[in-house]
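Asks: One structure, pasted below without further comment.
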Amino acid sequence: MLDAADLPDHQLLTPPICIVGAGAAGAAMALEFAGSGIEVLVLDACQPDTQAPRASIRHALKQTLDSRRYAGRCLPLSDMELAARRHLPDSGWPLAADALAAYYPRALKLSESEASAVSHGRDLALARLPLIADLADSPFECQALDRYNAPIELRRVHRRRLAAAANVCMVGNATVTGLGLNSAGTAVDTVIAQTPDHRRLVIRAKTVVLAIGALETARLLLASRDVQRDGIGNGHGNVGRYLLSPLKGTLGMVHLRQPPVAIWRRERSSRFSRRPLSLNADTQNRLQLPAIALRLRTLDTDDRIAAALTRLGRSAAAQHRYRIDWQAEQRPTPSSRVILGGSHDAYGRPEWVIDWQTSLADGESLRRSLGLFDEALRACGAGSFDHDPAAASVTMAHTGIPDACLLGGARMGRDPRNSVVDGDGRVHGLVNLFVTGPAVFPTSGLDDPMLTLTALALRLADHLKQREARARLPEVSLARAYARSEPATAAPRRSERAAAALLESDQPGGSAAGRSATSVRRSRPNTRGPRTR
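Structure, rendered in C-alpha cells:
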C-alpha cells in the first residue's frame, strides 16, 4: 500500500475505477478486481499496513461497520427479509429473491468461514431436530445455524493476493473530503482526498464507488454541494435518513422441563454455532410483526455451581434455566437519521449529528413476540418464559446510539422518492457514482450484516466489470496516455472550478491546474513537477 503523505501536494490520479474505503466492502471489491486487467485505485483513511486507525477517525469507527469488530454471524438475508411487507412501510429490497444467492458462498470463502450456513442446514441431522421438545408446531422455528468466525480484516488476510495484483493500487492516509460534479450534475468529475499533513490529492475516475460506511457516506454526499445545493443524491431529502440497526438485548428467564438440543456446537476450527428460534414467515404476515430471533443463554452461575459440585464428587440437580438473547428487525423510520452539524473536524469536514430512533411500534412488536413465545412454551408443556411485558416496551422507548452497527442513510430502492441508490448501487440521477456497504440497506434484517454487505460488494464488482466490458474502450497503458497528454488550455468546467476551489490552501502551491498526473500501476509515483515550456 502506498502512503498518500509520500505523494506531492495536489497530485492528480486518473484511474478508471476509484473505490473510497478499504473496509469489508472496499477490500472485497478490490479482491474481486485483482487480476481482471481493470486498473483500480483504493483510497483508505487508515495508515498503510496498520490495523489501528488514526486518532482523528477512531470515533467514527466506533459507530460504523468495521470488519475488525465483527466475528461474523454468517447467515444470509431470508426471502422474507428481502421482500416488501405491507405491515412494514418502506420495506423491501429492489432485488430478486435469488439475486445474492450466488454471492453468499463467495463472501463466506473470503471471510474464511468453512461451513456455510447458506443452505440453512448443512448439518441436516442437527437442523432437523427441534431445539425445544414439543415446540416444533409453534409459531417459532429452528432451521438455521448461526456460524461465528474469528474477527478478520479482509485486506490483511488476503494481503499477498492484493500485493500481487498489478492492477490494484491501495493508497493509505487518504481521507476523502469532497466530491465534485460536472456542470450538468450527472456525474462525479473529481474526488478530493487529504492527508493528515493537509496535502491534497485530486482523483478523476470514470467510476467512483463509496464503500465507507453509513455515517461517512451520508456526510460525504450531504457535504458535496458544488452543483446540487442539498447534497449529491439528495433531491428528495433521503440522504442520511432511515438510519437502522438490528435491535438486540437480553430479557427474562426461560424454565424448561427438558434440556434443549445442542445450543452450542464446537468444531475443530474453533468456530462455533448457536441455534436461534425465529418467528416463522406465516406468523409474521398474519400478526403483522417484523422478524425476531431468540437465543438461549446459559447462566454463568449455574455453570459454576455445577462445575464446583462435580469437582467435589457431588451431582447437582439440573436447572434448565436460560436467559433470552433477543434480536429483532427495526422498522424503517425516516425520522431516524444523521445530519451535518455546525462544527468541523481536522480535515474541514462537517461533524455529523446522529439522531438514531426507534419507534413505539418496535417496542410493541417485541412485547407481542415475547408473549407469543411464552404462550407457545406453556401450550405444549415444555416450560415457561418469565418476563415483564412492560420491560420489553421500555427497552425500545429511547433514542441514542446503538451498540450494534448502523445501516442505511443511502438506502437502496427503485423509486428515487424514497431511496438514494438503485438495485445496482448507483446513485439516482448520476451515471458513475455507486455506493455499497451498510449504507444501502433498506431494512436491517436480523443478523449482523457483514456477510450480506460483502455479497453486495462482490455483486457490484461483477456489475462494474460487465459495464467496463460493454464500454469496449481501447486498452491503452495509463502511463503512456499520461506521457502523451498535454496541459489543458481550455476554460475549466464548473466542476473543475469547484475542485480548484477545494484545493486552495494557505500553503504555497495554489490550484491543481498543471500539476502532474500519476498512473495507479504499482510503480514508483511520478514526482516530477509541472511541465514548463
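Just so you know, we're using our numbering here: the sequence shown kicks off at 1072 and counts up by one.
Glycine included, every Cβ here is placed at the ideal spot set by N, Cα and C.
Quick caveat, the model's predicted, so the values are computed rather than measured.
Exposed or buried, what is Gln1329 when buried is set at 16 or more other beta-carbons lying within 10 Å of its beta-carbon?
Replies: exposed
Asks: Could you tell me whether the stretch 1413-1424 touches the stretch 1445-1452, using the rule of 3 or more Cβ pairs below 8 Å?
Replies: no
Asks: Taking Ala1264 as part of the beta strand (DSSP E), name the residues at either end of that continuous run.
Replies: DSSP places Ala1264 inside the beta strand (DSSP E), whose first and last residues are Val1259 to Gln1265.
Asks: Taking DSSP's pairing of strands, which residues face Asp1181 in a bridge?
Replies: The question names Asp, yet the displayed sequence has Leu at residue 1181. None, per the DSSP bridge assignment.
Asks: Which first and last residues belong to the beta strand (DSSP E) in which Phe1321 is found?
Replies: The amino acid occupying residue 1321 in the given sequence is Thr; Phe does not appear at that position. Annotation for Thr1321: the continuous beta strand (DSSP E) segment containing it runs Leu1318 to Leu1327.
Asks: Are the CB atoms of Cys1451 and Leu1202 within a distance shorter than 9 Å?
Replies: No. Outside cutoff.
Asks: Can you check DSSP and say which residues form a bridge with His1158?
Replies: Partner(s): none; His1158 has no beta bridge.
Asks: Contact defined as beta carbons within less than 8 Å: I believe Val1239 pairs with Val1111. What is the distance between those atoms, to the nearest angstrom?
Replies: The C-beta distance from Val1239 to Val1111 rounds to 5 Å, short enough to meet the 8 Å contact threshold.
Asks: Can you tell which of Arg1300, Arg1368 and Pro1361 has the C-alpha that lies nearest to the C-alpha of Arg1392?
Replies: Arg1368
Asks: Contact check, Ile1109 vs Lys1536 under 8 Å by CB: the rounded distance?
Replies: 7 Å
Asks: Give the straight-line distance between the Cα atoms of Gly1284 and Gly1454, rounded to the nearest whole angstrom.
Replies: 43 Å
Asks: Can you give me the C-alpha to C-alpha distance between Leu1078 and Ser1440, rounded to a whole angstrom?
Replies: Annotation: Leu1078 to Ser1440 spans about 57 Å, alpha carbon to alpha carbon.
Asks: Around the Cβ of Thr1321, are there at least 16 other Cβ atoms within 10 angstroms (buried) or fewer (exposed)?
Replies: Exposed, because fewer than 16 other Cβ atoms sit within 10 Å of the Cβ of Thr1321.
Asks: Per DSSP, which residues does Trp1397 bridge with? Please list them.
Replies: Gly1320 and Leu1365
Asks: Which one of Leu1358, Ser1414 and Val1409 has the shortest CA to CA distance from Ile1425?
Replies: Val1409
Asks: DSSP state of Glu1435, grouped into three classes?
Replies: helix
Asks: Contact between the stretch 1286-1294 and the stretch 1100-1108 is defined here as three or more beta-carbon pairs at a separation below 8 Å; is this criterion met?
Replies: No, the stretch 1286-1294 is not in contact with the stretch 1100-1108.
Asks: Return the CA-CA distance between Ser1430 and Asp1150, expressed in angstroms with no decimal places.
Replies: 24 Å
Asks: Work out the CA separation of Trp1164 and Leu1478 for me, nearest whole Å.
Replies: 14 Å
Asks: Would you kindly check if the distance between the Cβ of Leu1348 and the Cβ of Ser1407 is under 9 Å?
Replies: no
Asks: Run the CB neighbour count on Pro1317, radius 10 Å, all protein chains shown included, and call it buried at 16 or more, exposed below.
Replies: buried
Asks: Inspect the CB distances between the stretch 1519-1532 and the stretch 1490-1505 and report whether three or more fall short of 8 Å.
Replies: yes
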